[in-house]
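Student:
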Ligand code: PEP
Ligand code: MG
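Residue numbers (the numbering used here): 484 to 1098.
(1) By the DSSP assignment, the alpha helix (DSSP H) with residue 594 in it spans what residues?
(2) Can you tell me which residues form a DSSP beta bridge with residue 681?
(3) Does the count of Cβ pairs from the region 826-837 and the region 787-800 closer than 8 Å reach three?
(4) Which stretch, first to last residue, makes up the beta strand (DSSP E) that contains residue 1082?
(5) At which residues does the beta strand (DSSP E) containing residue 782 begin and terminate?
(6) DSSP three-state label for residue 655, please.
(7) Quick check: is any heavy atom of the ligand MG less than 7 Å from the C-beta of residue 956?
(8) Helix, strand or coil: which one does DSSP assign to residue 513?
(9) Determine the DSSP secondary structure at residue 792, reduced to helix, strand or coil.
(10) How about residue 424: is its Cβ closer than 7 Å to a heavy atom in the ligand PEP?
(11) For residue 656, count neighbouring C-beta atoms within 10 Å of its own C-beta (all shown protein chains included) and say buried if the count is 16 or more, exposed if not.
(12) Around the Cβ of residue 818, are there at least 16 other Cβ atoms within 10 angstroms (buried) or fewer (exposed)?
(13) Could you tell me the alpha carbon to alpha carbon distance between residue 973 and residue 853, rounded to whole angstroms?
(14) Let me know if residue 607 comes out buried or exposed under the rule of 16 or more other beta-carbons within 10 Å of its beta-carbon.
(15) Provide the residue(s) that pair with residue 954 in DSSP beta bridges, ordered along the chain.
(16) Mind checking which residues open and close the alpha helix (DSSP H) that includes residue 949?
(17) Hey, would you say residue 505 sits closer than 8 Å to residue 736, going by beta carbons?
(18) What's the gap between the Cα of residue 633 and the Cα of residue 581?
(19) When DSSP builds the beta bridges, which residues end up paired with residue 465?
(20) Under 7 Å: does the beta carbon of residue 935 sit that close to some heavy atom of the ligand MG?
(21) Go ahead and pull the three-state DSSP assignment for residue 919.
(22) How about residue 887: is its C-beta nearer than 8 Å to some C-beta of chain B?
(23) Considering residue 742, what are the terminal residues of the alpha helix (DSSP H) in which it resides?
(24) If you compare alpha carbons, which of 635, 923, 979 is closest to residue 621?
(25) Could you say if the region 963-981 and the region 1004-1022 meet the contact criterion of at least three C-beta pairs nearer than 8 Å?
(26) Is the Cβ-Cβ distance between residue 1057 and residue 986 less than 8 Å?
(27) Using the Cβ count rule (16 or more neighbours within 10 Å means buried), how would you classify residue 605?
(28) Pull up the distance between the alpha-carbon of residue 775 and that of residue 1044, whole angstroms please.
(29) CA-CA distance, residue 770 and residue 1042?
(30) Starting from residue 518 and walking both ways along the beta strand (DSSP E), at which residues does that stretch end?
(31) By the three-class DSSP mapping on this structure, what secondary structure does residue 496 have?
(32) Using 8 Å as the threshold, is the C-beta distance between residue 679 and residue 662 below it?
(33) Compare the C-alpha of residue 988 against each of 556, 785, 916, 1005 and name the closest.
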């Protein structure tokens, strides 16, 4: 709280001379590399009470009127729903709606919200305060029935909030260089910014390996995550610099600081232009070792970018991304269309589609999963095997989309035991036969599993016996091996894919997969890190799949070294016992090989420069 108020004061407060504070910096964690200079646009998740910021009412009468309008609208909605259901519900069930309507009476919730507005709080904030206070009171009650009423109150609160926020999002004006700022960014928010205007992203929640950060990397948008102490709503309209290399943002930069970061932007563009020449060259070491570079996709924009970067196929299509952008499950026909686009864009090269991996930090608004421990809970294959109707529709859409192209591969996420693989294979075969019987001329796709849970590392042979290929998900494997939530900025410094235990696990996977002769790829973020890619190639990974933005850099590094050199580097680092020393050792090797320009100055360097630049 102290940090937050200091930050709030720093940014809103005038200095003693009456000038606005400049070069105010905030530390988070890197989400997507690159530097962006633009103007902040603060967006809120729709109807999320917890995300409503504290803010004073600028015009109390207006706020009261807005709230009166919201109450009226929700009242009418509830009456309409009750009327629609009159013939289908018994009178005692219908009386539930009366409870809602009573809660909306002047004496109940609205009375208290109005009082807070009159005290000077804006309507959304007053609603949040009152609803959350009620929710806490109900949740503390011993009676189970009354505890459950907390859910009704929260729901009512959300309905009111959505009317209060009505029009708010539509009115958002996105400047030419928009830096989107939010408590918690969602893929849908990214999608709302008009094409070409989004230059940077800032999120209070989440960390480097949150899925929205992965999406940002795929789109090549510089991003900083986990900025827990920023005064979000005060960044609206402010000029911001997003340093996605170091995980820092600067508000209201001085011209010196702007010049410093503009130079970095220019240098990046120059590197990218230099790399374009590599597009059609093979990814091959100087001693002739070929490593196909594949791309991770989720949106169609990724496909366009990856084609222009020379990807040789898709190593991971995160099918949950199109699901996350919608407000309901996409139909089989809609899914078929998304999948066809991806398959067509890369045909005849392979396109690996992962079945829905929701849960953890990837939730669908229309299929909420509330759990104490979501990353260890109902996630990935666990959800879809419990809901075979979701799995079957998805596989049907994939198979139908592959007709005439035959470049589809299906991959199963979050596999922790053999029976999950067998059950999934059974369903896939069933769909295959049904779709063929319907007259589609399709081939049985290759099926693979993701190795991302430590248990799977010790069952490589058993898994490999049942499938056609394996692909390591190093993001989750790192999280589960090190017991570090990939999404929690507080422990971000412990999340280290160069940890000796992670490297040993990766070596073991490669040895066991090759012993049974099954192709092995990797699609976690480590593959897109130039140093990580060298180590993985040396371990014998057959293909590397990464976000489109990383691909040219990885290719240029691999093309400049011999496999023998990389194997020697791997041997050296496997003798080391600290992730930091391993990282320094790999960085040094990259520097010696002439790739120092891919390594950015440390945070201390940019902070020092910022200090120097400050008036
Ligand atoms: C992984 O876990 O490494 C992976 C590629 O999957 P995701 O990041 O989507 O969980
Ligand atoms: Mg994963």
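We treat Cβ as the ideally placed atom computed from N, Cα and C, and that holds for glycine.
Note that the structure is predicted; figures quoted are calculated from it, not measured.
Tutor: In brief:
(1) Here residue 594 refers to the residue found at position 111 when the chain shown is read from its first residue. 592-601 is the span of the alpha helix (DSSP H), which, as asked, contains residue 594.
(2) Start at 1 with the first residue of the chain shown, and residue 681 comes out as number 198. Per DSSP, 661.
(3) Result yes; three or more Cβ-Cβ pairs closer than 8 Å.
(4) Residue mapping note: residue 1082 aligns to position 599 of the chain shown, counting from 1. Premise fails: residue 1082 is in no beta strand (DSSP E) and is neither H nor E.
(5) Residue 782 sits at position 299 when you count from the first residue of the chain shown. Run containing residue 782: none; DSSP gives neither H nor E here.
(6) Taking the first residue of the chain shown as position 1, residue 655 is located at position 172. Residue state, collapsed to three classes: coil.
(7) Position 473 of the chain shown holds residue 956. At least one heavy atom of the ligand MG lies less than 7 Å from the C-beta of residue 956.
(8) As a first step, residue 513 is located in the chain shown; it is residue number 30 there, counting from the start. Three-state result, residue 513: strand.
(9) Residue mapping note: residue 792 aligns to position 309 of the chain shown, counting from 1. In this structure, residue 792 counts as coil in the three-state DSSP scheme.
(10) What is shown of the chain runs 484 to 1098, which leaves residue 424 out entirely.
(11) As a working note, residue 656 is residue 173 in the chain shown. When all chains shown are included, residue 656 counts as exposed.
(12) Translated into the one-based positions of the chain shown, residue 818 becomes position 335. Residue 818 comes out buried.
(13) Mapped onto the chain shown, residue 973 falls at position 490. Mapped onto the chain shown, residue 853 falls at position 370. Taking the straight line from one Cα to the other gives about 22 Å.
(14) Translated into positions along the chain shown, residue 607 becomes position 124. Answer is buried; the Cβ neighbour count reaches 16.
(15) Looking up residue 954 in the chain shown gives position 471. Residue 954 pairs with 933, 1004.
(16) Counted from its first residue, the chain shown places residue 949 at position 466. Note, residue 949: alpha helix (DSSP H), 943-949.
(17) Along the chain shown, read from residue 1 onward, the residue named residue 505 stands at position 22. Along the chain shown, read from residue 1 onward, the residue named residue 736 stands at position 253. The answer is yes: Cβ separation under 8 Å.
(18) Your numbering for residue 633 matches position 150 in the chain shown. Your numbering for residue 581 matches position 98 in the chain shown. Straight-line Cα distance between these residues: approximately 16 Å.
(19) The question about residue 465 has no answer here: the residues shown for the chain are numbered 484 through 1098.
(20) Within the chain shown, residue 935 is the residue found at index 452, counting from 1. Under cutoff, so the answer is yes.
(21) Translated into the one-based positions of the chain shown, residue 919 becomes position 436. Correct three-state label for residue 919: helix.
(22) Judged by its chain identifiers, the structure shown contains no chain B, having just a single protein chain.
(23) Position 259 of the chain shown, counting from 1, holds the residue named residue 742. Element bounds for residue 742: 738-759.
(24) In the chain shown, the residue the question calls residue 621 occupies position 138. Per the Cα distances, 635.
(25) yes
(26) As a first step, residue 1057 must be located in the chain shown, where it is residue number 574. As a first step, residue 986 must be located in the chain shown, where it is residue number 503. Yes. Within cutoff.
(27) For this step, residue 605 is matched to residue 122 along the chain shown. So residue 605 counts as buried.
(28) Against the chain shown, residue 775 aligns to sequence position 292. Against the chain shown, residue 1044 aligns to sequence position 561. Using only the alpha carbons, I get a separation of about 16 Å.
(29) Reading the chain shown from its first residue, position 287 is the one you call residue 770. Reading the chain shown from its first residue, position 559 is the one you call residue 1042. Here the alpha carbons of residue 1042 and residue 770 stand approximately 9 Å from one another.
(30) To locate residue 518, count along the chain shown from 1; it is residue 35. From DSSP, the beta strand (DSSP E) with residue 518 extends over 518-525.
(31) In the chain shown, counting from the first residue as 1, residue 496 sits at position 13. Here residue 496 scores only 44 on pLDDT, less than 50, and its place in the model should not be relied on; the value that follows carries that caveat. DSSP places residue 496 in coil when its eight states are reduced to three.
(32) By 1-based counting over the chain shown, the position of residue 679 is 196. By 1-based counting over the chain shown, the position of residue 662 is 179. In terms of Cβ geometry, residue 679 and residue 662 do not form a close pair [threshold 8 Å].
(33) Sequence index remark: in the chain shown, residue 988 carries index 505 (1-based). Residue 1005 is the option with its Cα nearest to residue 988.
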